[in-house]
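S.K.: Please find one structure pasted underneath; my questions will follow.
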Amino acid sequence: MNLLFLLTLFSLFASAAEFGPSLEGEVVPIEADGAEQGEGSDTGAVGCSDQYLESGVQLPDLPLFFTRGNAESEYGSAEMIDAIVAATRHMRWLMPEASPVTIGDISHERGGFQSGHVSHRGGVDADIGIYSTGAKQNPRGFDTLSSNFDVVANWALISAFLDTGNVDFILLDRAHIARLRGYTTKAGLLTEAEAEEIFPSEPHPWDRTGIVRHAPNHDNHMHVRVLCSDGSHAGR
Ligand SMILES: [Zn+2]
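To convert, take the position in the sequence shown, counting from 1, and add 425; that gives my numbering.
Encoded structure:
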């Protein structure tokens, strides 16, 4: 508890001391790693690929925030790793009793084909666990959720990801999306117009970012796709 208390204090202090969602404190070592490999996330590099990974950053070991999954598949772009650290750190601050977030596959160190996935080749896709009732996550894997989908905790996690400014889109089962949309509008967290932006009922243009949309087989996790360092979509 003491550690959590200190962490909460640190988060409060860090939030007060920074502008926007910058994560200078925790992210320094990650950015240092990226710099050693030649290209940081702020070098003005244009674009990125969803097929291969040039300067993969390994997911750090932060067990208070998240549980690492497959060691061979925990490499992402700087934007991907920053988003995971930022969102899960925010959850630890916002809901201290919530389980650490279970992280599934991201990409191999240099990206490329990964069995069991159509994407996950460029370090810009990650499978992220979702909370069951009581803000619980299974550290050993993803459990299929239905009415035990914890709408409050999952909205907190999704909005923490969206707040990073790095998210291109999030894939999730439509039944969970309906739960989130109902909750956020009924609770007054989003207007109908805002909910329509984030949870569009119609297919949206490809250039729209920060949206949560349906994909089959996403009732036990969500799939987060991030933007490139220059804010563009990852391309081939
Ligand atoms: Zn995925």
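Ideal placement from N, C-alpha and C gives every residue a C-beta, glycine not left out. No experiment lies behind these values; they were computed from the predicted model shown.
Can you tell me where the alpha helix (DSSP H) holding V510 begins and where it ends?
M.R.: Numbered from its first residue, the sequence shown carries residue 510 at position 85. Unbroken alpha helix (DSSP H) run through V510: A503 to L519.
S.K.: Helix or strand or just coil, what does DSSP make of T616?
M.R.: In the sequence shown, residue 616 corresponds to position 191, counting from 1. Of the three classes helix, strand and coil, the one that applies to T616 here is coil, per DSSP.
S.K.: Going by CA-CA distance only, name the one from T609, T616, G481 and I602 that's closest to R638.
M.R.: Numbered from 1 along the sequence shown, position 213 holds the residue referred to as residue 638. Closest option to R638, Cα to Cα, is I602.
S.K.: Any heavy atom of ligand 1 closer than 6 Å to the CB of D593?
M.R.: For the purposes of this step, residue 593 is identified with residue 168 of the sequence shown, where counting begins at 1. It does not: the Cβ of D593 is nowhere closer than 6 Å to a heavy atom of ligand 1.
S.K.: Quick check on this structure: which residue in A659, C653, G660 and F594 has the alpha carbon closest to the alpha carbon of A503?
M.R.: Numbered from 1 along the sequence shown, position 78 holds the residue referred to as residue 503. For the residues A659, C653, G660 and F594, the minimum Cα distance to A503 belongs to C653.
S.K.: Would the segment 522-532 and the segment 559-576 be scored as touching if the rule is three or more Cβ pairs under 8 Å?
M.R.: The segment 522-532 is in contact with the segment 559-576.
S.K.: Based on DSSP bridge pairs, tell me the residues matched to V637.
M.R.: Within the sequence shown, numbered from 1, the residue matching residue 637 stands at position 212. Note: V637 sits in a beta bridge opposite I595.
S.K.: For chain D, is any of its Cβ atoms less than 7 Å away from the one on H601?
M.R.: Of the chains in the structure shown, none is chain D; there is only one protein chain.
S.K.: Do you know how far the Cα of W518 is from the Cα of L489?
M.R.: Indexing the sequence shown from 1 puts residue 489 at position 64. Indexing the sequence shown from 1 puts residue 518 at position 93. Roughly 10 Å between the two C-alpha positions.
S.K.: When the distance is taken between beta carbons, is H658 closer than 7 Å to L597?
M.R.: Residue 597 sits at position 172 when you count from the first residue of the sequence shown. Residue 658 sits at position 233 when you count from the first residue of the sequence shown. No. Outside cutoff.
S.K.: Say yes only if the C-beta of D552 is nearer than 6 Å to one or more non-hydrogen atoms of ligand 1, and no if none qualify.
M.R.: Within the sequence shown, residue 552 is the residue found at index 127, counting from 1. For ligand 1, at least one heavy atom lies less than 6 Å from the Cβ of D552.
S.K.: Counting Cβ pairs closer than 8 Å, one from the segment 546-554 and one from the segment 490-510, do we hit at least three?
M.R.: Flag = yes, the segment 546-554 and the segment 490-510 touch.
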